[in-house]
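Asks: When we follow our numbering, the leftmost residue of the sequence shown carries the number 1339, and every step to the right adds one. Just so it is clear, CB atoms sit at the ideal spot from N, CA and C, and this is done for glycine as well. First, the structure itself, so that you have it in front of you.
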Amino acid sequence: MGSNMKKIIVVFFTSLFFSLSFLFSQESVSVKWPNNQVGFTASMFTGYGLVYGYHWSDDFMTKVNIYGFGEMNNLPPNPQALLTTIGLEFQYNIMRSRYSRFSVFAAVSHWYDESSEYPYDYNNSPPTYFNIENIKRTTQVGLGFALELLAWNRLGFSFEGGYLARFSSNSGFNNTYIQNRTVYSYYENFPIWMGFGVGASITYGF
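If you want it as structure tokens, here you go:
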């Protein structure tokens, strides 16, 4: 683990300690938080996009988020892209007050990223055509801590950080067409990454 990553972890947990000391200095009270929350999220654990959260009880909460993006362009080199993410997170409250709660969480998500293009080179005679495609599939799992602040009994601001493991499967090809000859090029790899992850979201409760 690099020195920069260690500094980030120290700063995060130091800030978290002082924030919790202030937020929970008053006696925790049993209050009814909104059962449903909907909003937007950006998280290294579960992805980004729309998020929906449901409080099963005073202690347990589940979050689901989903995102999708697609692109098709008819102009050369005809780029196409598809990106989707879906994530699931389980939270258990350690401390909860009227306007804040601190929880541990476990998260899992799957990311799919596909891109392709069909460029050509007219400088050659006859022209050279290419067919390039890349596909990246990633599964992520994480454990950590989350802090949520509630404003006006409805608006939630959530921040999370913890340990993240990322397992990817990357593949693609770059085919070259020259006259009546085709040159095929294919690759495949399976990288694994582990480290510190963060996330944030804003939601409206009802």
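Give the secondary structure of K1370 by DSSP, where H, G and I count as helix, E and B as strand, and everything else as coil.
Replies: coil
Asks: Roughly how many angstroms separate the alpha carbons of I1473 and K1370, rounded to a whole number?
Replies: 45 Å
Asks: Have a look at L1420 and N1412 and give me their C-alpha separation to the nearest angstrom.
Replies: So the two alpha carbons sit approximately 15 Å from each other.
Asks: Tell whether a beta-carbon distance below 7 Å holds between L1502 and M1382.
Replies: yes
Asks: Just tell me which of S1438, I1424 and G1535 has its CA closest to the CA of W1490.
Replies: S1438
Asks: Going by the DSSP bridge assignment, what does D1396 pair with across the sheet?
Replies: Partner(s): none; D1396 has no beta bridge.
Asks: Look at the Cβ atom of F1511, then the Cβ atom of E1455, and state whether they are nearer than 7 Å.
Replies: no
Asks: For the region 1408-1443, which segments carrying the beta strand (DSSP E) assignment without a break, of at least 3 residues, lie completely within its bounds, in sequence order?
Replies: 1418-1434
Asks: Measuring alpha carbon to alpha carbon, tell me which of L1481, F1497, E1498 and R1492 ends up nearest R1436.
Replies: R1492
Asks: What three-state label does DSSP hand S1523 in the structure shown?
Replies: In the structure shown, the three-state DSSP call for S1523 is coil.
Asks: In terms of alpha-carbon separation, which member of N1469, H1393, V1402 and F1528 lies closest to F1544?
Replies: H1393
Asks: Using DSSP with H/G/I as helix, E/B as strand and the rest coil, what is M1532?
Replies: Shown here, M1532 sits in a strand according to DSSP, grouped into three states.
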